[in-house]
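Colleague:
Number of protein chains: 2
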Amino acid sequence: MSADSAAHPRQLRHQAQRLEILKAAADAIAEHGFHGMTMRGLARATARGLATFYDYFSSKEDLLFSLQTEAFETMTSSVSAALEGVDDQAERLYVFVLNHLRYSAEHRSVMRVLVHEASALPAGRRKTVRLLKEGYFNICRDIVSSILAAGCNSPGAGGVGKLDSAEVERLTYSVFGMLNWTYGWYDPRHHGSPQDVARTIHTLAVCGLVARCPQRFAEDRSQRHADAIMPLPLLGNPGRSEAVSRKRLAPPEKNISRGNLRKTS
Amino acid sequence: MSADSAAHPRQLRHQAQRLEILKAAADAIAEHGFHGMTMRGLARATARGLATFYDYFSSKEDLLFSLQTEAFETMTSSVSAALEGVDDQAERLYVFVLNHLRYSAEHRSVMRVLVHEASALPAGRRKTVRLLKEGYFNICRDIVSSILAAGCNSPGAGGVGKLDSAEVERLTYSVFGMLNWTYGWYDPRHHGSPQDVARTIHTLAVCGLVARCPQRFAEDRSQRHADAIMPLPLLGNPGRSEAVSRKRLAPPEKNISRGNLRKTS
DNA sequence: ATGTTACCCGAACGATCGTTCGCCGAATTG
DNA sequence: CAATTCGGCGAACGATCGTTCGGGTAACAT
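Protein sequences appear in the order of chains R and V. Residue numbers for the first sequence follow this note's numbering, beginning at 80 and rising by one. Residue numbers for the second sequence follow this note's numbering, beginning at 80 and rising by one.
1) Establish whether the CB of residue 181/R and some CB of chain V are separated by less than 7 Å.
2) May I have the straight-line CA-CA distance separating residue 115/V from residue 166/V, to the nearest angstrom?
3) Relative to the C-alpha of residue 246/V, which residue among 133/V, 223/V and 274/V is closest?
4) Where does residue 202/V land, buried or exposed, given buried means 16+ other C-beta within 10 angstroms?
5) Taking only runs that begin and end inside the segment 188-256 of chain V, name each unbroken alpha helix (DSSP H) of 4 or more residues, in chain order.
6) Grab me the residues of residue 208/V's own chain with a C-beta within less than 8 Å of its C-beta, minus the 5 sequence neighbours each way, in chain order.
7) From which residue to which residue does the alpha helix (DSSP H) around residue 141/R run?
8) Taking only beta-carbon atoms, is residue 253/V less than 7 Å away from chain R?
9) Could you confirm whether any beta carbon from chain V is found closer than 7 Å to the beta carbon of residue 249/R?
10) Taking 7 Å as the threshold (C-beta atoms), are residue 269/V and residue 249/R in contact?
11) Excluding the 5 residues flanking residue 109/R on each side, which residues of the same chain have their C-beta closer than 7 Å to its C-beta?
12) When the Cα of residue 117/V is compared with those of 242/V, 134/V, 139/V and 126/V, which residue comes out closest?
13) Does the beta-carbon distance from residue 178/V to residue 194/V come in below 7 Å?
14) With distance defined between alpha-carbon atoms, name the residue in 255/V, 262/V, 272/V and 211/V nearest to residue 265/R.
15) Mark residue 217/R as exposed unless 16 or more other C-beta atoms lie within 10 angstroms of its C-beta, in which case mark it buried.
16) Could you please give the first and the last residue of the uninterrupted alpha helix (DSSP H) stretch that includes residue 118/R?
17) Going by DSSP in three states, residue 132/V sits in which element: helix, strand or coil?
18) Smallest Cα separation from residue 285/V: which of 275/V, 170/V and 252/V?
19) Excluding the 5 residues flanking residue 280/R on each side, which residues of the same chain have their C-beta closer than 6 Å to its C-beta?
20) If the cut is a Cβ gap below 7 Å, which residues of chain V does residue 367/R touch?
21) Pull up the distance between the alpha-carbon of residue 185/R and that of residue 267/R, whole angstroms please.
22) What does residue 193/R touch in chain V if you count any residue whose Cβ is under 8 Å from its own?
23) Between the Cα of residue 106/V and those of 122/V, 135/V, 174/V and 91/V, spot the shortest distance and give me the residue it belongs to.
24) What would DSSP say about residue 166/R, mapped onto helix, strand or coil?
25) Run through DSSP, which three-state label would residue 113/V get?
26) Could you work out which residues of chain V lie near residue 271/R, taking near to mean beta carbons separated by less than 8 Å?
27) Taking Cβ-Cβ distances shorter than 9 Å, what residues in chain V pair up with residue 217/R?
28) Select from 253/V, 261/V and 278/V the residue whose C-alpha is nearest the C-alpha of residue 282/R.
29) At a Cβ cut of 8 Å, what residues of the segment 111-135 of chain V count as close to chain R, listed as they run along the chain?
30) Tell me, please, whether the CB atom of residue 214/V is closer than 7 Å to any CB atom in chain R?
31) Pull up the CB-CB distance for residue 251/R and residue 220/R, whole angstroms please, since I reckon it's below 8 Å.
32) Examine chain V for any beta-carbon lying closer than 7 Å to the beta-carbon of residue 280/R, and answer yes or no.
33) What residues from chain V crowd round residue 257/R, counting only those whose CB sits closer than 7 Å?
34) Answer yes or no: does any C-beta atom of chain V fall closer than 7 Å to that of residue 176/R?
35) Checking contacts by CB at 7 Å: is residue 89/R closer than that to chain V?
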């Protein structure tokens, strides 16, 4: 049972339809909120019957849960791959920022759902999602911490060698604030390319608004442009991302409910 | 009909109860989302009968609309008052940041509703809310623009005299991102006082993470502490804020619906 | 051509939603 | 003290929600 999953075109189509439903659900939830999204509206939007969804997901709540977990897993593995081999911490921050913004821009609805509907799940599944979110958060926090440590020890700054962990957290949350707020305002027609936004946020984070900054005039973003036009990290890039290094780290936990799921037997 | 509104204790109690309902509604909406909040749950939370709300608001939607408009009006007039007489632009930014964060910390649920439920209203009323929001946004944008202009023209920076308006917008949105994200993570027991958060965000915005900054070691925040312990700007500070300089700038617009509102006749 | 499987959906169920009607006790007035 | 008004709510209505059941239909294997 190693690689026959992609061989049978049956399960392949199944996964494709599942993804299409998830994408449509993300749009609907982003627009109306989780409780405001109706299964009937989703059926109308996808030109499908109402009962069809229950062949792919056991409940409306399961739809939200799958959407959130798979999105966080995709983002984490995507940014981890992009960070590989990048050593300079300031550049690592740029890679993280750009990766996050690209995902935000290409899957705006999904990002909105991740930010807004964190509290719509029951305690158990919410904890699973929070763990994934913290894993993603920690990647950024380590980068910020490294930059701050290097900055403090450099001869330029006021140089107290020890850095306050509460301050590091506040700064990391501030960076995430800049990133996550973008789904509400960013419009490629008015505010430039995602690279422009990434540069603005990265420069603001590293150098501030007015300070004289050694990295203010960073020269070669050209190398970054190379992987900046990578195909695209979808919600769950199907068939390929299964092997990226992650396994299902959450047990079915509550799938034992009375949903029927008459498939994949 | 000039000042007799506060004389009659009848309408006074009415306004007090109205505010109490709004506060409870903010908590409920913040927790479950607008569509997830039920009037029955609100009745249970406030130990009131279900039909009582319709003596104060014509509908559930009217509750959200009143909450959002009055909150934005309160924030705008509050920060305007705090900014009066402050000339230095960097200090003005600090005042804005601290004011916003204090409101955020003291009325966390309201802030969450302002950020999340912007799209739950029909087009007409949503536009009214957006106008108020833009007014508040522009206050911050002007400050950011001034700081950036001064920084560009100063001898230190790379000094191109013209500043890109798209860049100003991106920067202002980034500042708002840092501010508005706080409702999701800020906990006074772990992350310091609102003043600490305000200092972190203000310094990050002005000076960045590592840059040598002339304002990095700002000396006297002592004066700011004076009005930082002002009583408190509530949602709608009742009876007083009516005269701050604003009038109802939105016509009733749609209150002509079939709600009964058997009051204040 | 025939039997089998997998997929999809129309129709219905019970629960719960926002809203309204009309009565009741308390407070105010003369 | 009697008359009157007003704020409050129990109970009910129609609509709509998430979910389920069972049959119909196209695609596959033999």
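Ideal Cβ placement from N, Cα and C applies to all residues, glycine included. Values in this document were obtained by computation on a predicted structure and should not be read as measured data.
Modeller: Once the coordinates are examined:
1) No, residue 181/R lies away from the interface with chain V (no Cβ there is under 7 Å from its Cβ).
2) Approximately 45 Å, taken between the alpha carbons.
3) The residue among 133/V, 223/V and 274/V with its C-alpha nearest the C-alpha of residue 246/V is 223/V.
4) Looking at its Cβ environment, which holds fewer than 16 other Cβ atoms inside 10 Å, residue 202/V is exposed.
5) Whole alpha helix (DSSP H) segments, 4+ residues: 202-232.
6) Exclusion of the five residues before and after residue 208/V leaves 144, 147, 148, 151, 197 and 200 as the residues of its chain whose Cβ lies within less than 8 Å of its Cβ.
7) Unbroken alpha helix (DSSP H) run through residue 141/R: 139-162.
8) Judged by the 7 Å Cβ criterion, residue 253/V is in contact with chain R.
9) At least one chain V Cβ lies under 7 Å of residue 249/R.
10) Contact: no.
11) 188, 191 and 192, listed in sequence order.
12) Out of 242/V, 134/V, 139/V and 126/V, 139/V has the C-alpha closest to the C-alpha of residue 117/V.
13) The answer is no: Cβ separation not under 7 Å.
14) Closest option to residue 265/R, Cα to Cα, is 255/V.
15) If you draw a 10 Å sphere on the C-beta of residue 217/R, you find fewer than 16 other C-beta atoms in it, and that means exposed.
16) For residue 118/R, the enclosing alpha helix (DSSP H) has its first and last residue at 118-125.
17) It is helical.
18) For residue 285/V, the closest C-alpha among the options 275/V, 170/V and 252/V is that of 170/V.
19) Only residues of its own chain outside the window of five on either side were considered, and among them 176 and 257 have a CB closer than 6 Å to the CB of residue 280/R, listed in chain order.
20) The structure shown does not extend to residue 367/R, since chain R is modelled only from 80 to 344, so the question has no answer here.
21) Taking the straight line from one Cα to the other gives about 11 Å.
22) Taking the beta carbon of residue 193/R as reference, no residue of chain V falls within 8 Å; the closest one sits roughly 12 Å away.
23) Among 122/V, 135/V, 174/V and 91/V, the Cα nearest to that of residue 106/V belongs to 122/V.
24) Three-state DSSP puts residue 166/R in coil, outside helix and strand.
25) Residue state, collapsed to three classes: coil.
26) Those within 8 Å of residue 271/R in chain V are 245 and 249.
27) Simply none; closest approach about 14 Å.
28) Sorting 253/V, 261/V and 278/V by C-alpha distance to the C-alpha of residue 282/R places 253/V at the top.
29) Correct list: 111, 112, 113, 114 and 115.
30) Taking a beta-carbon distance threshold of 7 Å, residue 214/V does not count as an interface residue toward chain R.
31) Indeed, because the Cβ distance is near 4 Å, the residues count as touching under 8 Å.
32) Yes, residue 280/R counts as interfacial toward chain V.
33) Near residue 257/R (Cβ distances below 7 Å), the residues of chain V are 253, 256 and 257.
34) No, residue 176/R does not count as interfacial toward chain V.
35) Residue-level contact by beta carbon fails for residue 89/R and chain V, as no gap is shorter than 7 Å.
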